[in-house]
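Read in order, the letters of the sequence shown correspond to residues 20 to 183 in the numbering used here.
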Amino acid sequence: MLHEMEVAGLALDPSNNTPILVLKSLDGEQTLPIWIGLLEAASIAMALQNVEFSRPMTHDLFKNFVDTLAISVDKVEVCDLQESTFFARIFFKGEEGEFSLDARPSDAIAIALRTKSPIFAEDEVIAKSSTSGPAVAEDESEEGKKWAEYLEKLNPEDFGKYKM
Numbered sequence: 020m021l022h023e024m025e026v027a028g029l030a031l032d033p034s035n036n037t038p039i040l041v042l043k044s045l046d047g048e049q050t051l052p053i054w055i056g057l058l059e060a061a062s063i064a065m066a067l068q069n070v071e072f073s074r075p076m077t078h079d080l081f082k083n084f085v086d087t088l089a090i091s092v093d094k095v096e097v098c099d100l101q102e103s104t105f106f107a108r109i110f111f112k113g114e115e116g117e118f119s120l121d122a123r124p125s126d127a128i129a130i131a132l133r134t135k136s137p138i139f140a141e142d143e144v145i146a147k148s149s150t151s152g153p154a155v156a157e158d159e160s161e162e163g164k165k166w167a168e169y170l171e172k173l174n175p176e177d178f179g180k181y182k183m
């Protein structure tokens, strides 16, 4: 089952300053933290703040290319989680039909924000994310317990100027 998500915000992993993109379901019941790269986090932050540059950045260039070809981004899906790696697909519609492309979630979401396209996450991915990744719930080590506690306490106010 797909859950429509929104970007709740960006946070920094306190242990290593790695950006975390936090998605929240529109009904507010599920959250999905995704650790991403610094450049992707900057691109997402720019989109959230509606910052425009005189020359297009990579995700802006991609949006311009899609617009030029008269193709629309129908939706983005965070569709899988394997060994702490998230996978996403970008779904397109055009005159010639529909197609999708594999993408990193951070890139897919940066593009979705620019094209005002809906973001979805598979129920299975949300379930897996609560038991894998840096915040392993089953990890009984001290670090695993700290991560589980940290993620449980996250709320939209923690995201400062990047919250939606």
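Glycine is no exception: its CB is placed at the ideal position from the N, C-alpha and C atoms.
Identified DSSP bridge partners for residue i
{"i": "H22", "result": "A140"}
{"i": "F111", "result": "V92, F118"}
{"i": "A30", "result": "I39"}
{"i": "F105", "result": "L100"}
{"i": "S44", "result": "M24"}
Distance, residue j Cα to residue i Cα
{"i": "D158", "j": "R123", "result": "In this predicted model, D158 has a pLDDT of only 43, less than 50, meaning its place in the structure is not dependable; the value taken from the coordinates is given anyway. Whole-angstrom Cα-Cα distance: 26 Å."}
{"i": "S34", "j": "M20", "result": "33 Å"}
{"i": "G56", "j": "E115", "result": "34 Å"}
{"i": "P52", "j": "E143", "result": "14 Å"}
{"i": "R74", "j": "A127", "result": "21 Å"}
{"i": "S44", "j": "L88", "result": "31 Å"}
{"i": "V92", "j": "D86", "result": "9 Å"}
{"i": "E71", "j": "H22", "result": "30 Å"}
{"i": "G113", "j": "K94", "result": "13 Å"}
{"i": "D121", "j": "R108", "result": "5 Å"}
{"i": "T50", "j": "S125", "result": "16 Å"}
{"i": "L31", "j": "S103", "result": "18 Å"}
{"i": "E8", "j": "A140", "result": "Residue 8 lies beyond the residue range present for the chain, which begins at 20 and ends at 183; the question has no answer from this structure."}
{"i": "S145", "j": "G28", "result": "Checking the sequence shown, residue 145 turns out to be Ile, not Ser. If I take the Cα positions, the gap works out to 17 Å."}
{"i": "F11", "j": "Q68", "result": "Beyond the ends of the chain as shown, which are 20 and 183, falls residue 11; an answer cannot be given."}
{"i": "L80", "j": "S136", "result": "16 Å"}
{"i": "I90", "j": "D46", "result": "30 Å"}
Supposed contact pair residue j and residue i - C-beta distance, whole angstroms, cut 8 Å
{"i": "L132", "j": "V41", "result": "14 Å between Cβ atoms; not a contact."}
{"i": "F110", "j": "C98", "result": "Incorrect: roughly 10 Å between the Cβ atoms, too far for contact."}
{"i": "L138", "j": "M65", "result": "For the record, residue 138 in the displayed sequence is Ile; it is not Leu. The Cβ separation is near 17 Å, so there is no contact."}
{"i": "A82", "j": "T134", "result": "The residue asked about is misnamed: residue 82 is Lys in this sequence, not Ala. Sure, about 6 Å apart at Cβ, within 8 Å."}
Cβ-heavy atom distance, residue i to the ligand ATP, below 7 Å
{"i": "F110", "result": "Because no ligand of any kind appears in the structure shown, any question about the ligand ATP cannot be addressed here."}
Own chain partners of residue i with C-beta closer than 6 Å, once the 5 adjacent residues on each side are dropped
{"i": "Q101", "result": "none"}
{"i": "I39", "result": "A30, D32, P52, W54"}
Under the three-state DSSP convention, the category residue i falls into
{"i": "I53", "result": "strand"}
{"i": "S148", "result": "helix"}
{"i": "N83", "result": "helix"}
{"i": "P124", "result": "helix"}
{"i": "A66", "result": "helix"}
{"i": "R133", "result": "helix"}
Cutoff 8 Å; reference residue i; Cβ partners in own chain excluding five residues on either side
{"i": "A129", "result": "E59, S62, I63, A66, H78"}
{"i": "M76", "result": "S62, M65"}
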